[in-house]
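Residue 811 in my numbering sits at position 152 of the sequence shown, and the numbers go up by one each step.
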Amino acid sequence: EHVLAHLGHVVPIPKFSTKAHQQPALSSFSSNDQDMLLGAATMEAFTTSYQLLIKLAQLQPGQSVIIYAAGSSIGVTAIQIAKHVCQASTIIAVAGSDHKLDFATKLGATHTINYKNPDFPANIVDLVNKVTNNQGVNVILDPICSTMYRTNCNIAALDCKWILFGTLGGHKLANESLAPLLSKRVQLISSTLRSQSVEYKTLLIRDMITRLKPHFEQGSIVPILDSVFDMDQAEQAHQRMKNDENLGKIVLKWH
């Protein structure tokens with residue numbers, strides 16, 4: 660079997676830590692297969708999160724960030740990068756279950772919000788005001804869009820970088836004002852990695868691997884595998900994701 664890929668988008672599998680290999684989803688696989696599965700869980704999630712936080716948001720030590728969909732593959736990687744690479748002082752994780760939020764805390768989130776709480780989204784504003792002394796967050800990682808627009812306007816700090824990379828909550832705004840963006844000098848930055856040029860992706864991947872390789876080896880940053888499915892189980896894998904049951908990356912495996 661053969662796979663066609665651009666040479667610049669192919670890198671050696673990092674030497675992952677013992678901690679990475681000890682994940683339950685990998686327990687039934689050989690050491691070699693574990694390396695391949697960890698590699699498969701690394702590229703898209705970490706390249707995307709690296710671009711969002713390092714290249715676009717330029718999150719700085721001591722700053723604050725809120726990460727929506729914190730249990731997703733992007734969410735769990737972004738939390739780790741925010742903590743160990745950017746050294747953010749305040750990392751707020753938003754997810755829909757206590758299990759996912761507990762895991763986010765283990766990864767480095769300093770505060771958590773369950774969006775299924777009856778007080779949501781008012782509780783986000785209250786929490787952000789409390790932990791930032793009413794200053795707001797410096798960075799918003801937003802895959803939601805429309806339904807969180809007003810809340811994000813309320814929690815944004817002056818000169819906040821609001822990174823929009825999805826529209827899970829809808830892509831249209833009705834009866835909303837852009838004035839808060841102006842008054843707070845918010846930088847609203849949209850991002851889709853897929854449409855970037857081959858050259859851009861090549862440089863981004865090389866930069867990401869170089870910067871994160873020591874963290875992979877030390878175990879301070881780990882690709883999070885939720886589960887592994889054979890290709891003939893692809894429908895079950897999609898259903899697991901659709902039901903919002905996954906915590907981290909779902910990997911499909913060819914025999």
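Idealized CB from N, CA, C, for every residue including glycine.
When Gln855, His743, Ile733, Ala729 are compared against serine 756, the one with the closest alpha-carbon: Ala729
Three-way DSSP call (helix, strand, coil) for histidine 665 in this model: coil
Inter-residue Cα distance where the pair is isoleucine 814 and isoleucine 799: 9 Å
Nearest-angstrom Cα separation, counted from leucine 663 out to aspartate 866: 22 Å
Straight-line Cα distance separating isoleucine 822 from isoleucine 680: The sequence shown places histidine at residue 680, rather than the isoleucine named in the question. Those two C-alpha atoms are separated by around 32 Å.
Neighbour-count burial assignment, leucine 697, 16 or more Cβ in a 10 Å radius: buried
Lysine 742 burial status per 10 Å Cβ neighbour count (16 or more: buried): buried
Cβ pair asparagine 797, alanine 816 closer than 9 Å: yes
Residues that DSSP places opposite phenylalanine 888 in a beta bridge: Leu911
Short Cβ contact (9 Å threshold) for serine 879 with valine 910: no
Three-state secondary structure (DSSP) of lysine 714: helix
beta-carbon leucine 827 near the ligand ZN non-hydrogen atom, thresh 8 Å: This structure simply doesn't include the ligand ZN, nor any ligand for that matter.
Alpha helix (DSSP H) runs contained entirely in the stretch 741-812, provided each spans 4 or more residues: 757-766, 781-790
Best match in Ile868, Asp891, Ala684, Gly825 for proximity to isoleucine 733 [C-alpha to C-alpha]: Gly825
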